[in-house]
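Visitor: Numbering (the UniProt record's numbering), first residue to last: 1 to 64.
Glycine included, C-beta positions come from ideal geometry on N, C-alpha and C.
1) Ends of the alpha helix (DSSP H) at residue 5?
2) In its own chain, which residues sit with a C-beta less than 6 angstroms from the C-beta of residue 19, not counting the 5 before and 5 after it?
3) Determine the extent of the alpha helix (DSSP H) in which residue 16 is found, giving its start and end residues.
4) What's the call for residue 38, buried or exposed, on a 16-neighbour Cβ count within 10 Å?
5) For the structure I just gave you, are there three or more beta carbon pairs, one from the stretch 44–55 and one from the stretch 22–33, closer than 8 angstroms?
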């Protein structure tokens with residue numbers, strides 16, 4: 001049913017593979033959109049967000 005797809009990262013422009021297994025996981029979780037960032041850029045974005053939140057006294061994932 002699912003097939004590997006090659007996507008392009010919106011941050012760095014690199015191609016990355018969205019595997020059939022990842023697509024199935026997204027579907028099971030009810031996610032509607034394909035990923036837009038490669039793993040490196042996702043990790044970098046998470047790190048930036050965690051640094052920003054720690055400066056504001058927030059914990060990542062905590063309710064606002």
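Guide: Walking through what the data contain:
1) Here residue 5 belongs to no alpha helix (DSSP H); instead the beta strand (DSSP E) covers 5–8.
2) Same-chain partners within the cutoff: 4.
3) From DSSP, residue 16 is part of no alpha helix (DSSP H) but of the beta strand (DSSP E) over 15–18.
4) Buried is the call here.
5) Segment contact: the stretch 44–55 against the stretch 22–33, fewer than three CB-CB distances shorter than 8 angstroms; contact not assigned.
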